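Heads up, the thing below is written out as structure tokens.
Residue numbers (this note's numbering): 19 to 79.
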């Protein structure tokens, strides 16, 4: 699944703050995302992150 820095990810499971929207901060072998509800930063390996994504909302130009 293709996504880049600045995109918004809709995840399959909600964060404990009840938001399922995350902003992409860094992309590489690890993916760093930030919860749009509470601002918590999360670092995941790319493989597990791709399994958790429901859809990608591209950043607006």
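Glycine included, each C-beta is placed from N, C-alpha and C at the ideal position.
As the structure is a computational prediction, the values presented were derived from the model and not from experiment.
- Under a 10 Å Cβ-count criterion, residue 53 is classified as buried, with 16 or more other Cβ atoms of the shown protein chains found around its own Cβ.
- By the C-beta density criterion, residue 49 is buried, having at least 16 other C-beta atoms within 10 angstroms.
- Shown here for residue 73: same chain residues with a beta carbon closer than 6 Å to its own, the five before and five after excluded, namely 28 in chain order.
- Less than 8 Å divides the Cβ of residue 77 from the Cβ of residue 25.
- Of the candidates 38, 22, 46, the residue whose Cα lies closest to the Cα of residue 57 is 38.
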